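Chains as they are written, first to last, in this note's numbering: chain A, 4 to 291; chain B, 4 to 291; chain C, 4 to 291; chain D, 4 to 291; chain E, 4 to 291; chain F, 4 to 291.
The C-beta atom is built at its ideal place from N, Cα and C for all residues, glycine as well.
None of these values were measured; they are calculated from a predicted model.
Number of protein chains: 6
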Amino acid sequence: MAKSLEIGWNQVEQVVDSALAEDLGSGDVTTEALIPPNQEGEAYLYAKNEGVLAGIGVATMVFHRVDSALRVKELVADGSRVYPGDRLAAIEGKVASILRSERTALNFLQRLSGIATETAKYVEASSGTKALITDTRKTAPGLRILEKYAVRVGGGHNHRRNLGDGILIKDNHLVALGSSGVGLGEAIEKARQHAPHTLKIEVEVESVQQAQEALSAGADIIMLDNMSLEDMRQVVELVGGRAVIEASGRITLDKVRAVADTGVDLISVGALTHSAKALDISLELERK
Amino acid sequence: MAKSLEIGWNQVEQVVDSALAEDLGSGDVTTEALIPPNQEGEAYLYAKNEGVLAGIGVATMVFHRVDSALRVKELVADGSRVYPGDRLAAIEGKVASILRSERTALNFLQRLSGIATETAKYVEASSGTKALITDTRKTAPGLRILEKYAVRVGGGHNHRRNLGDGILIKDNHLVALGSSGVGLGEAIEKARQHAPHTLKIEVEVESVQQAQEALSAGADIIMLDNMSLEDMRQVVELVGGRAVIEASGRITLDKVRAVADTGVDLISVGALTHSAKALDISLELERK
Amino acid sequence: MAKSLEIGWNQVEQVVDSALAEDLGSGDVTTEALIPPNQEGEAYLYAKNEGVLAGIGVATMVFHRVDSALRVKELVADGSRVYPGDRLAAIEGKVASILRSERTALNFLQRLSGIATETAKYVEASSGTKALITDTRKTAPGLRILEKYAVRVGGGHNHRRNLGDGILIKDNHLVALGSSGVGLGEAIEKARQHAPHTLKIEVEVESVQQAQEALSAGADIIMLDNMSLEDMRQVVELVGGRAVIEASGRITLDKVRAVADTGVDLISVGALTHSAKALDISLELERK
Amino acid sequence: MAKSLEIGWNQVEQVVDSALAEDLGSGDVTTEALIPPNQEGEAYLYAKNEGVLAGIGVATMVFHRVDSALRVKELVADGSRVYPGDRLAAIEGKVASILRSERTALNFLQRLSGIATETAKYVEASSGTKALITDTRKTAPGLRILEKYAVRVGGGHNHRRNLGDGILIKDNHLVALGSSGVGLGEAIEKARQHAPHTLKIEVEVESVQQAQEALSAGADIIMLDNMSLEDMRQVVELVGGRAVIEASGRITLDKVRAVADTGVDLISVGALTHSAKALDISLELERK
Amino acid sequence: MAKSLEIGWNQVEQVVDSALAEDLGSGDVTTEALIPPNQEGEAYLYAKNEGVLAGIGVATMVFHRVDSALRVKELVADGSRVYPGDRLAAIEGKVASILRSERTALNFLQRLSGIATETAKYVEASSGTKALITDTRKTAPGLRILEKYAVRVGGGHNHRRNLGDGILIKDNHLVALGSSGVGLGEAIEKARQHAPHTLKIEVEVESVQQAQEALSAGADIIMLDNMSLEDMRQVVELVGGRAVIEASGRITLDKVRAVADTGVDLISVGALTHSAKALDISLELERK
Amino acid sequence: MAKSLEIGWNQVEQVVDSALAEDLGSGDVTTEALIPPNQEGEAYLYAKNEGVLAGIGVATMVFHRVDSALRVKELVADGSRVYPGDRLAAIEGKVASILRSERTALNFLQRLSGIATETAKYVEASSGTKALITDTRKTAPGLRILEKYAVRVGGGHNHRRNLGDGILIKDNHLVALGSSGVGLGEAIEKARQHAPHTLKIEVEVESVQQAQEALSAGADIIMLDNMSLEDMRQVVELVGGRAVIEASGRITLDKVRAVADTGVDLISVGALTHSAKALDISLELERK
């Protein structure tokens with residue numbers, strides 16, 4: 004399992020268990036009342052919309068955490084494009100166990116596939132440029148590791164995973180430093196002295212002039228916040244490859260191509276995770 | 004805190020702590036490098052879009068879990084309509100603590116407000132009818148208690164919270180029972196005998212005829228799955244108040260009024276939670 | 004495992020692990036000092052009293068959490084009546100592992116079987132009537148899911164599992180509402196408006212007149228608290244099947260038949276879980 | 004809080020939180036529907052039967068975990084004898100918070116007071132002798148620390164808390180050792196060599212002869228399992244104070260005095276914890 | 004696994020999981036970027052210094068928690084003396100899984116082997132005397148169960164595991180009692196009356212006279228704190244086997260033999276756990 | 004509290020709670036038997052050796068988790084040099100609470116101060132050079148966040164916190180890639196393409212030639228593993244500031260100056276955390 008996810012399975016297991024506790028905490032009264040405990044059956048996961056699948060391994064984990072005797076066969080791999088009616092996985096075993104798992108498995112699968120699908124749209128829209136689509140830390144609380152995985156599945160790249168794996172000097176830091184008269188360049192210098200030397204230093208800027216200041220101070224990455232296309236182009240030119248340039252700030256699907264065409268290296272899009280629509284997927288028991 | 008949420012605060016605390024661990028697990032290297040630990044400051048949460056606020060108490064909890072000495076003043080109550088530029092809360096104390104809390108507080112607040120905002124649109128669209136808008140169990144794993152709270156804040160009602168607090172006989176149950184020749188009416192009878200007598204019995208039906216069958220068998224609630232408006236009207240008429248009627252199945256915002264006008268009692272909408280867009284909210288430190 | 008319990012096994016696993024931590028937290032010094040780690044052996048669980056077995060699957064889980072290589076064979080199924088000397092399960096494997104598991108496995112099995120046994124007495128005493136015996140929320144903290152399972156094993160039915168899966172308006176609610184002049188009927192009305200429409204509404208009443216009031220207001224279930232047999236009979240008659248009637252309030256084994264004979268639908272008994280005696284069960288290693 | 008319990012409060016807090024999650028996990032729908040969130044009120048805990056109070060501090064903790072703003076005044080201290088109608092504690096604050104806490108607080112308080120009450124009966128029955136009443140490890144899974152506290156409150160003493168804090172060679176150990184020809188005396192010798200030198204060595208024996216053998220081998224404590232009164236007296240005499248003597252094995256309340264009169268030092272009673280009846284206690288809101 | 008550790012595996016599993024969360028919480032970005040998920044390989048653990056191996060089973064558990072499909076073969080058993088270049092275990096399976104486990108497995112193995120190695124030096128230095136080397140509670144927070152296991156592996160014995168499994172009256176207790184005029188003898192008497200009768204009573208003394216006082220009062224174990232060799236000898240003589248004698252207080256490796264030669268029974272050494280150097284061990288992938 | 008630690012206090016709280024559970028899990032039998040629950044007193048933490056203090060805030064947290072009413076006054080700040088006899092903190096309140104906290108508080112404080120003290124020696128030995136002393140991931144499982152804090156307190160810098168916050172291509176990665184014919188330069192290129200663009204790329208090399216190869220391929224940091232001083236000097240010269248250079252591999256205190264003099268930027272020392280000796284600190288109750 005861990006392998007197909009390429010992420011720490013024992014952490015995912017905790018998330019899965021807590022999702023199951025939430026849904027199954029006081030049992031499944033309908034299934035208990037209606038379904039003979041030993042009845043066996045077979046079910047399929049079906050795509051109901053077109054999109055990119057992500058999280059099939061998590062869905063499998065849900066089934067196995069509910070009943071380790073369920074036999075799950077993944078029919079489509081994460082990253083595949085799926086179409087309405089496609090069978091995504093087959094599940095065999097106790098019908099009661101399948102029904103207990105259904106909603107939780109789907110909740111993971113629909114959300115992660117929704118994120119991968121949304122990401123793929125941005126990636127396609129910017130294809131042929133050098134710009135990479137990246138996520139942000141604007142993820143659903145508790146699901147970051149999975150949502151960032153879904154972004155990768157959709158062809159995107161991951162930005163910082165948390166506050167500990169990269170220096171990112173943002174506007175609020177500069178406001179705080181400003182009260183002691185510390186400017187952008189000095190802030191970068193201070194970061195270089197005090198932060199772990201293994202981390203890159205990124206700075207958020209709002210104008211071409213600030214970008215120039217950041218470059219002179221040796222920033223590794225310059226994030227252009229809500230800048231005009233023209234300004235972005237200017238920054239790309241003046242930086243000339245001496246720093247990584249990231250465009251940021253409500254870049255919607257219809258704007259992403261134009262941004263990519265300015266020559267920036269990274270385009271970060273919060274909406275990939277905070278506003279993606281779920282991909283419609285259902286579970287259906289086979290009639291016998 | 005518990006009071007403004009009206010939900011179990013110690014459970015929310017666990018969700019908050021695990022979200023903080025996710026973001027702050029290995030510290031905030033930028034803040035550590037740049038901000039003097041004793042620097043005090045003031046910040047505000049600002050709405051950047053129009054919508055319905057939900058989760059201000061959770062945001063407050065985030066600030067307090069990071070630093071119990073932060074002074075948080077909630078300026079707008081959950082359920083209020085907010086407009087771009089509105090100040091939602093004031094936070095005073097260590098700047099470093101405010102910065103460490105920022106993203107996690109916003110992730111909760113933006114997501115919950117997004118859900119409340121979406122819910123309010125459906126509620127408004129069906130206003131003047133007797134139909135109540137309800138959620139489903141299609142929530143982000145681990146966040147159900149909060150997301151269902153946000154639906155209430157937006158004017159919606161909660162459907163089942165988990166598999167243990169209501170009998171809901173769905174298509175998959177009928178398929179499973181069908182293999183032993185048990186039909187819809189018998190299923191309802193079986194549920195009445197074996198399930199807790201304190202729970203209502205709801206059945207999902209796909210045709211007027213099945214609705215009639217469910218009514219005859221004494222279902223308390225009849226869920227009409229993906230039915231035409233005409234069929235819904237027929238069911239409303241034949242039921243004549245003897246059972247609660249719920250409409251379900253991809254009912255979008257542009258269709259909800261027509262559905263409500265058929266006379267159904269409940270309209271359940273998965274998209275309230277599985278596909279709501281985040282409401283844009285930001286935190287800004289005050290310049291001194 | 005999950006199957007024989009019909010309950011969420013991963014939650015039970017947490018309860019089992021925390022019970023093991025409690026008993027085995029700093030190791031088993033006696034076994035470590037005396038028993039060669041590789042010595043193999045065989046043990047049996049024996050009933051020492053007559054009763055109804057419940058929890059054999061939990062006992063098995065305890066053995067497997069201590070040592071997944073233990074081979075456990077359940078010889079008697081939950082719900083069976085057992086007699087002194089009956090072998091309930093055979094356990095083979097490392098003797099040290101068996102000894103480390105013994106007390107924790109027995110603590111679960113004895114308690115759950117005690118509850119099933121007590122429940123069975125009430126069920127038998129009311130047999131031939133339509134009254135169902137139900138439990139309450141008066142369970143040992145942390146063990147509710149298991150104790151309610153034991154009640155079902157003993158032939159009883161489950162009442163509310165928690166505060167979220169049923170509306171139950173009790174005396175304290177009426178006292179609180181009374182201070183604003185809200186009476187029984189209005190309370191029921193208010194509950195219908197504000198509570199999830201999927202839940203039944205139950206009201207606790209203390210007199211025939213209150214029962215009449217509850218009926219008129221449309222209560223789904225009427226709980227008769229500490230009422231005389233004569234009053235219960237009157238309520239049964241006046242309700243005439245239009246609501247479910249539950250008798251409650253220190254109904255002991257010697258009184259339960261008379262209560263059942265009044266024609267009530269449910270009899271809830273807190274003592275099933277809060278005061279059941281453990282069933283005597285022991286583990287004995289086979290001599291070789 | 005910790006002080007009144009004399010036990011690790013942060014462990015108790017976890018037990019309390021998990022009990023609250025069990026009861027309040029999906030909210031309290033009745034209270035949410037009926038009680039205005041800001042309504043204040045006052046409630047009292049009342050004894051409904053005679054007994055010994057234990058766990059008032061845990062009940063207080065429950066109220067505070069639900070709402071830290073509740074004002075709880077403990078009116079009777081743990082260990083006090085209470086009578087029907089006695090007020091045990093006063094709780095003031097939000098009515099909704101009081102109602103959410105009620106059942107969980109009572110579940111702890113009733114169970115612990117039941118154990119203290121049962122213990123006090125055994126202690127009184129053996130008063131005037133030198134025998135001390137002790138508990139066993141036959142406790143409800145997850146509640147051991149609290150149940151052993153309740154035994155102390157009732158005047159009893161604690162036996163081993165877990166498998167790590169005392170050597171107790173029982174019949175199953177001897178069976179296991181017997182297969183390699185190791186007898187009782189050798190077992191004691193082996194324990195002395197391999198076990199921590201800070202722990203006493205206790206041995207379970209079933210005959211006077213075995214007791215003699217244990218004494219000769221230097222056992223610190225000799226447990227007489229299901230022995231006749233006459234045999235117990237003989238063992239007391241032959242030991243002559245050179246070891247502590249413990250009587251064990253289904254010693255009921257009507258037999259305990261006779262056992263104590265044989266001169267044994269300790270009488271361990273599993274029923275104190277595994278079969279104690281809950282003490283009847285209720286919470287009642289004050290009418291205004 | 005449990006067997007080779009002889010300790011509660013499910014507790015160790017929690018420690019292992021939390022160590023993995025610490026290191027692998029946001030994934031292994033290097034391995035993800037470089038290593039094909041399906042590449043298989045083989046690696047060995049190698050000793051780089053001479054010492055006593057401890058914790059090989061914990062290392063195995065780390066590998067299996069990361070990827071249950073890894074095949075781990077332990078080549079050297081805990082307690083064996085290892086030399087630079089010795090192969091300790093072979094691990095086969097996904098290369099990515101091996102790399103993700105490496106550091107966490109080594110952190111356990113190096114620390115525990117360091118403790119076993121240090122212990123073995125003290126045991127050897129006192130060989131031929133009757134003195135046993137014991138540990139203390141001065142262990143790394145969270146790792147006590149494992150560190151005490153490592154001491155046993157190194158030939159040492161365990162002292163108290165926690166504050167609950169032995170009475171140890173230390174200087175601070177006597178200071179506290181002294182304010183009410185209670186002396187050493189009275190303290191021992193008080194402990195005998197109030198503490199569990201299954202526990203031994205140990206007293207810390209600082210002079211021969213106090214040792215005499217402790218003996219007269221019936222202490223089971225007398226701990227000599229920072230006493231001169233001459234004084235230790237005097238205590239050994241006057242006690243004459245009527246109590247266990249423990250030497251304590253910064254007994255370094257070069258002093259331990261002289262202390263052992265005084266005839267004391269136990270020598271407790273905090274440095275075994277609080278200051279042991281890690282044993283150097285590495286993991287190396289095989290070139291193909 | 005959080006502020007003095009500059010680290011996530013709610014994570015530290017979990018570590019503290021689990022350490023307390025370990026030591027205090029079944030209570031403190033000695034204190035319970037001897038110390039009146041209401042006795043008040045005062046105690047001091049004393050340094051017994053010279054060193055650098057780290058963790059005083061964690062010790063304070065231990066006292067407060069045991070008894071929130073204890074009054075703790077920190078007399079010396081983290082990072083201060085302390086000498087034998089220095090008073091580090093004053094604790095007032097219930098004597099029983101102080102005694103229950105003692106060992107756990109000291110275990111944290113002694114270990115963290117030991118690490119800070121060891122770090123300070125390396126920092127001092129390399130003072131006047133540009134080399135920074137950094138830690139590694141060779142920390143005690145479960146304590147990384149605290150141990151890395153102690154390194155900073157001692158004047159050191161932090162290297163990667165976990166596998167997610169930096170690319171570090173080590174020998175084992177190269178071995179794995181080598182089987183497909185991928186060399187050092189290509190590995191760096193692959194990392195740049197696939198890893199998050201916000202992370203620096205570090206490579207471990209074993210020769211001057213490899214260092215040259217890494218530089219050409221654009222490595223951000225080059226780690227010299229076990230290289231001779233002469234080779235280090237050569238690498239420093241050829242890199243000429245175009246990459247950060249880190250020396251690594253069993254650099255002991257007597258070698259660190261010579262390494263620093265070669266001109267490297269970072270010197271990473273595993274022994275700071277895996278082999279530091281505890282600083283001797285004690286708690287003493289004041290006599291009254």
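Taking residue i as the reference, which of the options has the closest Cα?
{"i": "I224 of chain E", "options": "D:P199, D:A72 and D:N229", "result": "D:P199"}
{"i": "G134 of chain E", "options": "E:T107, E:T265, E:G157 and E:R163", "result": "The sequence as given places Ala at residue 134 of chain E; Gly does not occur at that position. Of the candidates E:T107, E:T265, E:G157 and E:R163, the one whose C-alpha sits nearest the C-alpha of A134 of chain E is E:T265."}
{"i": "D70 of chain D", "options": "D:S100, D:R290 and D:D81", "result": "D:S100"}
{"i": "D268 of chain E", "options": "E:I118, E:R164, E:V238 and E:E53", "result": "E:V238"}
{"i": "V206 of chain B", "options": "B:R164, B:S251 and B:E240", "result": "B:S251"}
Quick one: is residue i buried, meaning 16 or more other Cβ sit within 10 Å of its Cβ, or exposed?
{"i": "G96 of chain A", "result": "buried"}
{"i": "G167 of chain E", "result": "buried"}
{"i": "L8 of chain A", "result": "Interpretation of L8 of chain A is limited by its pLDDT of 46, a score under 50 that renders its predicted location unreliable; no figure is taken from the coordinates."}
{"i": "L23 of chain E", "result": "buried"}
{"i": "P144 of chain A", "result": "buried"}
Given a cut-off of 9 Å, decide if residue j and residue i are closer than it, judged by their beta-carbon atoms.
{"i": "E287 of chain B", "j": "A93 of chain B", "result": "no"}
{"i": "V55 of chain B", "j": "L282 of chain B", "result": "yes"}
{"i": "I148 of chain A", "j": "V259 of chain A", "result": "no"}
{"i": "Q42 of chain B", "j": "I284 of chain B", "result": "no"}
{"i": "L109 of chain F", "j": "A50 of chain F", "result": "no"}
Using a cut-off of 7 Å between C-beta atoms, extract the partners of residue i located in chain F.
{"i": "S104 of chain B", "result": "Within 7 Å Cβ-Cβ: nothing; S104 of chain B doesn't reach chain F, min ~11 Å."}
{"i": "P199 of chain A", "result": "H160, N161 and H162"}
So with CB distances below 9 Å, who are the chain A contacts of residue i?
{"i": "G28 of chain D", "result": "A24, E25, G28 and S29"}
Could you list which residues in chain C have their beta carbon closer than 7 Å to that of residue i, in chain order?
{"i": "V247 of chain B", "result": "H200"}
Taking C-beta pairs closer than 8 Å, name the residues in chain F that residue i reaches, listed in chain order.
{"i": "N165 of chain E", "result": "E25, D26, L27, G28 and S29"}
Taking residue i as the query, report the chain D residues whose CB atoms sit under 7 Å from its CB, ordered along the chain.
{"i": "K203 of chain E", "result": "T201, L202 and K203"}
So which residues on chain A does residue i lean against when the C-beta distance must stay under 7 Å?
{"i": "D264 of chain C", "result": "In chain order: nothing, as chain A lies at least about 27 Å away."}
Self-check item: Every unbroken alpha helix (DSSP H) inside the stretch 126 to 191 of chain D [4 residues or more]
Solution: Whole alpha helix (DSSP H) segments, 4+ residues: 147 to 156 and 174 to 181.
Quiz item: Considering only residues of the stretch 201 to 263 of chain F, which uninterrupted beta strand (DSSP E) runs meet the minimum length of 3 residues and lie entirely inside it, listed in chain order?
Solution: 204 to 208, 224 to 228 and 247 to 251
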